[in-house]
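K.L.:
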Amino acid sequence: MPRKFEHMEPHRQLHAFLCTMPQTILITGATSGFGESTAQRFASEGWRVIITGRRKERLAVLQRELEGLYGSIDAHDKVHALHFDVRDASAVEQAIGGLPEAWQRIDVLVNNAGLAAGLDPIQTGDTGDWERMIDTNVKGLLYVSRAIIPGMIARGKGHIINIGSTAGKEVYPKGNVYCASKHAVDALSKGMRQDLLPHGIKVTQICPGLAETEFSLVRFGGDEAKAKAPYAGIEPLRGADIANLVHFAATLPAHVCINDLVVTPTAQASSMLVHRAG
Ligand code: NDP
Ligand code: 8X3
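Taking this note's numbering, I'd label the letters of the sequence shown as residues 1 to 278.
1) Do Thr28 and Ala112 count as a contact pair if the criterion is CB distance below 8 Å?
2) So Leu66 and Val49 are supposed to be a Cβ contact under 8 Å. How far apart are they, rounded?
3) Give a single yes or no on whether Ala39 has its beta carbon closer than 7 Å to a heavy atom of ligand 2.
4) Counting only the same chain and skipping the five closest in sequence on each side, list residues whose C-beta sits under 7 Å from that of His275.
5) Let me make sure I understand the geometry here. Which of Asn176, Phe84, Ser181 has the alpha-carbon closest to that of Pro121?
6) Can you list, in chain order, the residues of its chain with a C-beta nearer than 6 Å to that of Ala75? Leave out the 5 residues immediately preceding and following it.
7) Could you check where the beta strand (DSSP E) with Thr38 kicks off and where it finishes?
8) Any heavy atom of ligand 2 within a distance shorter than 7 Å of the CB on Gly239?
9) Look at the alpha carbon of Ser271 and the alpha carbon of Gly168, and state the distance between them as a whole number of angstroms.
10) Mind pulling the alpha helix (DSSP H) runs of 4 or more residues that sit fully within the region 225-258?
11) Are the beta-carbon atoms belonging to Ser279 and Cys207 less than 8 Å from one another?
12) Would you kindly report the start and end of the unbroken beta strand (DSSP E) that includes Gln268?
13) Alpha carbon to alpha carbon, how far is Pro253 from Leu109? Give it in angstroms, no decimals.
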């Protein structure tokens with residue numbers, strides 16, 4: 001134990017010592033958009049980062065890029081990549097349960113993996129799209145949280161940051177199931193905060209509005225013209241904007257917890273009210 005902690009009670013010494021160690025963050029959906037930017041931000045601040053996603057090659061490229069940010073010989077101890085689909089409960093359990101011991105102490109979990117599939121009226125919606133959204137945005141978030149929360153409880157410390165959406169605060173035409181899935185994230189964030197209150201675990205929800213990532217390309221099945229339309233004539237949010245907010249929320253003093261944060265481009269007042277140039 002470092003000498004600077006010698007004047008403290010033994011149980012406080014351990015806590016103070018742990019607080020000086022580099023912290024570990026696990027980010028779901030780190031292969032693009034908000035998740036990738038968040039991984040870059042935390043790695044550049046010296047955090048140990050666990051990146052996850054389905055696209056293995058992207059994880060490998062990102063891992064190398066992040067390791068380069070540390071500029072030290074132990075950089076390979078700073079980034080760990082986990083490859084799994086959040087919809088697969090047993091894959092989630094295996095991946096997180098099988099983490100090497102040095103990576104098991106997760107201080108911050110960012111539940112970011114998610115998607116919209118399609119934009120159709122309810123009467124013609126594709127049931128496969130509905131399942132993808134509910135399985136990823138709701139059940140996937142639950143599976144990952146369920147695997148990580150017991151460790152946080154055992155340590156009496158942790159922070160869960162759920163990426164919700166303005167679509168979890170209001171409903172827009174044809175947004176039906178995506179909006180329902182993000183309303184579920186809103187409810188789960190509140191429920192988690194209540195249940196985890198006695199365990200000293202922080203729960204924060206960040207709800208972005210229009211942000212240009214791969215989100216719309218995924219929503220519109222790779223149709224680039226359709227994917228660009230939501231951002232026409234505005235300066236949308238970018239991955240780095242959300243990464244800054246995640247970092248801000250994660251680095252506040254131990255007694256301060258942001259519960260809910262709604263963030264839009266300056267040109268957006270609500271899902272349906274967007275001020276476009278031209
Ligand atoms: P991107 O499409 O750029 O990123 C989505 C990430 O989620 C990817 O890394 C993808 O990785 C991962 N992902 C998707 N499905 C799965 C799955 N089944 N298992 C594991 N990982 C998965 O979009 P964003 O960065 O914009 O989206 C991130 C989050 O932000 C989502 O929850 C989205 O709903 C939310 N959001 C987005 C907004 C926007 O306008 N962009 C606004 C508000 C909220 P891979 O494909 O490699 O698995
Ligand atoms: C993404 C924001 O408005 O495209 O969650 O649904 S929106």
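Ideal Cβ placement from N, Cα and C applies to all residues, glycine included.
P.N.:
If we stick to the structure as given:
1) Looking up residue 112 in the sequence shown gives position 112. Looking up residue 28 in the sequence shown gives position 28. The residue you asked about is not Ala; residue 112 is Asn in the sequence shown. The Cβ-Cβ distance between Asn112 and Thr28 falls below 8 Å.
2) As a working mapping, residue 66 is identified with position 66 in the sequence shown. As a working mapping, residue 49 is identified with position 49 in the sequence shown. Their Cβ separation, rounded to whole angstroms, is 6 Å, which keeps Leu66 and Val49 in contact under 8 Å.
3) Here residue 39 refers to the residue found at position 39 when the sequence shown is read from its first residue. Within the chosen limit of 7 Å, ligand 2 does not reach the beta carbon of Ala39 with any heavy atom.
4) Locating residue 275 in the sequence shown gives position 275, where the first residue counts as 1. Ala267, listed in sequence order.
5) For the purposes of this step, residue 121 is taken as residue 121 along the sequence shown, with counting starting at 1. That would be Asn176, whose Cα lies nearest to the Cα of Pro121.
6) For this step, residue 75 is matched to residue 75 along the sequence shown. Excluding positions up to five away in sequence, the list reads Glu67.
7) Here residue 38 is taken as the residue at index 38 of the sequence shown, counted from 1. Judged by DSSP secondary structure, Thr38 falls outside any beta strand (DSSP E) and instead within the alpha helix (DSSP H) spanning 33-44.
8) Your numbering for residue 239 matches position 239 in the sequence shown. Taken from the Cβ of Gly239, every heavy atom of ligand 2 lies 7 Å or farther away.
9) Counting from 1 along the sequence shown, the entry for residue 271 is found at position 271. Counting from 1 along the sequence shown, the entry for residue 168 is found at position 168. Each residue's CA atom was taken as its position, placing Ser271 and Gly168 some 11 Å apart.
10) Whole alpha helix (DSSP H) segments, 4+ residues: 239-250.
11) As shown, the chain starts at 1 and ends at 278. That puts residue 279 outside it, with no answer to give.
12) Working through the sequence shown from its first residue, we reach residue 268 at position 268. Taken as a continuous stretch (DSSP letters only), the beta strand (DSSP E) holding Gln268 covers 268-270.
13) Along the sequence shown, one-based indexing puts residue 109 at 109. Along the sequence shown, one-based indexing puts residue 253 at 253. Leu109 and Pro253 have their C-alpha atoms roughly 17 Å apart.
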